[in-house]
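J.: Residue numbers for the sequence shown follow this note's numbering, so the first one is -10 and each next one is one higher.
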Amino acid sequence: MKVTDGVAPVALIHGGDLSRASQTFGVAKERWIDLSTGISPWSWLVPAVPEIVWQSLPYAGDGLESAASDYYGCDARSLLAVPGSQYAIQCIPALIPKGAVAMPVRGYAEHRLSWFKAGHDIVDYDGLAQLQQLVSERRVKHVVVINPNNPTSEMIVRQQLMEILQQLQVAGGWLLVDEAFMDGVPENSLVPECPKSGLVILRSIGKFFGLAGLRLGFVMAPPVLLQKLDSQSPPWHVSHPARWVAKQALADFSWQRIQRQRLEEVSLHWCQVLTERFSALEFSGSLLFVTGRGEAESCEAIYQELGKNAVLVRLFDEIKGQRMVRFGLPGERNMPKVAAILQQATAGQ
Ligand SMILES: Cc1ncc(COP(=O)(O)O)c(C=O)c1O
-10 MKVTDGVAPV ALIHGGDLSR ASQTFGVAKE RWIDLSTGIS PWSWLVPAVP
40 EIVWQSLPYA GDGLESAASD YYGCDARSLL AVPGSQYAIQ CIPALIPKGA
90 VAMPVRGYAE HRLSWFKAGH DIVDYDGLAQ LQQLVSERRV KHVVVINPNN
140 PTSEMIVRQQ LMEILQQLQV AGGWLLVDEA FMDGVPENSL VPECPKSGLV
190 ILRSIGKFFG LAGLRLGFVM APPVLLQKLD SQSPPWHVSH PARWVAKQAL
240 ADFSWQRIQR QRLEEVSLHW CQVLTERFSA LEFSGSLLFV TGRGEAESCE
290 AIYQELGKNA VLVRLFDEIK GQRMVRFGLP GERNMPKVAA ILQQATAGQ
């Protein structure tokens, strides 16, 4: 999807849409093995939610912000709970002075769409070197970084981001860092720098905790921006059960340790399996997904072959002759089945 050509898309396509996949491939919905998202196949196990939590409206003071402050490593006054980081992605561009914004040429496309809709000019960058050039030549006022990036899994280190922020601050610009996939490598997070003028960080409870259906995320930013965002939001827009669940998941450090270790092991193994199976693609990985890049026809063929075998992966648009296929992690229940399908799908290669 290109917004730079001035044509606004109607709606973006995302992973996990099994109804759509069923229509495309003629596979019954319940047969799919869904590897089309970057959501952990192991979720934090939600206990029974007390009746009072269902019955009563949510108010601050229930301990969520303080649990988030401990988990993320910033002052509770520098963060705001929102109904998914998607909510912040849609709202924040309209709260920031208009100007050219540097946008990863490949990345979660909702950013591009939201900044475009809010009237900013989008300037593409492909990798850190291009971004640094745009910033040092003052060709952009704001910057969006997805760290690690989805789907490319590229990571920009803290020091380099702080240098970019310092340059943007001079002209009153903003650096928005989407850390939706950062939980596996928290040492790279910029959250401990918050609050800093011009810095916004987004975090998600959906990916690492495997709780995408909860619709909860956090924004870390200077209080003025948080107040603007909060004051335009409906009251109680994060549900009471979502707050109750997230407060406990964020405080469950032993589960988080196990989850990190499990994701590290499985993602590494998954990357090795895919590299062996699909020699036409070049793979790189994050803790929650593995992405293969290659010629458009190879990517399309893999997507089609797996789809026919009821394994849904995510195929990304062609950019400069190259496409990408993203593979979410199969949980242990699906791994043997997926391995057999991969073997079958690559038998003729
Ligand atoms: C990079 C990135 N950021 C943010 C989101 C939105 O996530 P959520 O609204 O569930 O927090 C997504 C969803 O896929 C994503 O890929």
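Virtual Cβ for every residue (Gly too), placed ideally from N, Cα, C.
Rounding to the nearest angstrom, what Cα-Cα distance links Ala290 and Gln158 in this structure?
T.: Using only the alpha carbons, I get a separation of about 46 Å.
J.: So Phe14 is in the alpha helix (DSSP H); what residue range does that whole segment cover?
T.: Run containing Phe14: Leu7 to Phe14, per the alpha helix (DSSP H) assignment.
J.: So does the region 261 to 269 actually touch the region 183 to 192, counting three or more Cβ pairs closer than 8 Å?
T.: The region 261 to 269, when compared against the region 183 to 192, does not touch it at the 8 Å Cβ threshold.
J.: Mind reading off the beta-carbon distance from Val300 to Val327? Whole number of angstroms is fine, and I expect it under 8 Å.
T.: The pair is a contact, with the Cβ atoms about 6 Å apart (cut-off 8 Å).
J.: With a cut-off of 8 Å on the beta carbons, I'd call Arg101 and Ile85 a contact; round off their distance for me.
T.: 15 Å between Cβ atoms; not a contact.
J.: Mind checking whether Ala235 and Leu53 have CB atoms under 8 Å apart?
T.: Result yes, Cβ atoms of Ala235 and Leu53 sit closer than 8 Å.
J.: I need the boundaries of the beta strand (DSSP E) containing Ser273, first residue and last residue.
T.: It spans Glu271 to Gly274 - the beta strand (DSSP E) in which Ser273 sits, taken as one unbroken run.
J.: Within 10 angstroms of its Cβ, does Tyr61 collect 16 or more other Cβ (buried), or is it exposed?
T.: The residue is buried, with at least 16 neighbouring Cβ atoms inside 10 Å.
J.: CA-CA distance, Glu253 and Met209?
T.: Distance between the alpha carbons of Glu253 and Met209: 26 Å.
J.: Determine the burial state of Phe242: buried for a count of at least 16 other Cβ atoms within 10 Å of its Cβ, exposed for fewer.
T.: Burial call: exposed.
J.: Would you say the beta carbon of Ile135 is closer than 7 Å to some non-hydrogen atom of ligand 1?
T.: Yes, the Cβ of Ile135 comes within 7 Å of a heavy atom of ligand 1.
J.: Leaving out five residues before and five after Ala56 in sequence, what residues of the same chain have Cβ atoms less than 7 Å from its Cβ?
T.: Closer than 7 Å at the Cβ level, and outside the excluded window around Ala56, lie Lys236, Leu239 and Ala240.
J.: Let me make sure I understand the geometry here. Which of Gln311, Met324 and Ile330 has the alpha-carbon closest to that of Leu295?
T.: For the residues Gln311, Met324 and Ile330, the minimum Cα distance to Leu295 belongs to Ile330.
J.: Check whether the Cβ of Asn139 sits closer than 7 Å to any heavy atom of ligand 1, and report yes or no.
T.: Correct: Asn139 has its Cβ closer than 7 Å to ligand 1.
J.: Could you tell me the alpha carbon to alpha carbon distance between Pro224 and Ser32, rounded to whole angstroms?
T.: Whole-angstrom Cα-Cα distance: 28 Å.
J.: In this structure, does DSSP put Ala89 in helix, strand or coil?
T.: In this structure, Ala89 counts as strand in the three-state DSSP scheme.
J.: Would you check whether ligand 1 has a heavy atom nearer than 7 Å to the C-beta of Phe272?
T.: Not under cutoff, so the answer is no.
J.: Taking the runs of the beta strand (DSSP E) that are 3 residues or longer, which of them lie wholly in the region 27 to 72?
T.: Listed in chain order, the complete beta strand (DSSP E) runs (minimum 3 residues) inside the region 27 to 72 are 68 to 71.
J.: From Gly(-5) to Val129, what does the alpha carbon distance come to, in whole angstroms?
T.: Unreliable placement is indicated for Gly(-5), whose pLDDT of 44 sits below 50; no coordinate value is reported for it.
J.: Mapping DSSP to helix, strand and coil, what is Leu191?
T.: Reduced to three states, the DSSP call for Leu191 is strand.
J.: Please state the DSSP three-state secondary structure of Arg303.
T.: If DSSP states are grouped into helix, strand and coil, Arg303 belongs with the strands.
J.: Is Gly195 near ligand 1, with its Cβ less than 7 Å from a heavy atom?
T.: For ligand 1, at least one heavy atom lies less than 7 Å from the Cβ of Gly195.
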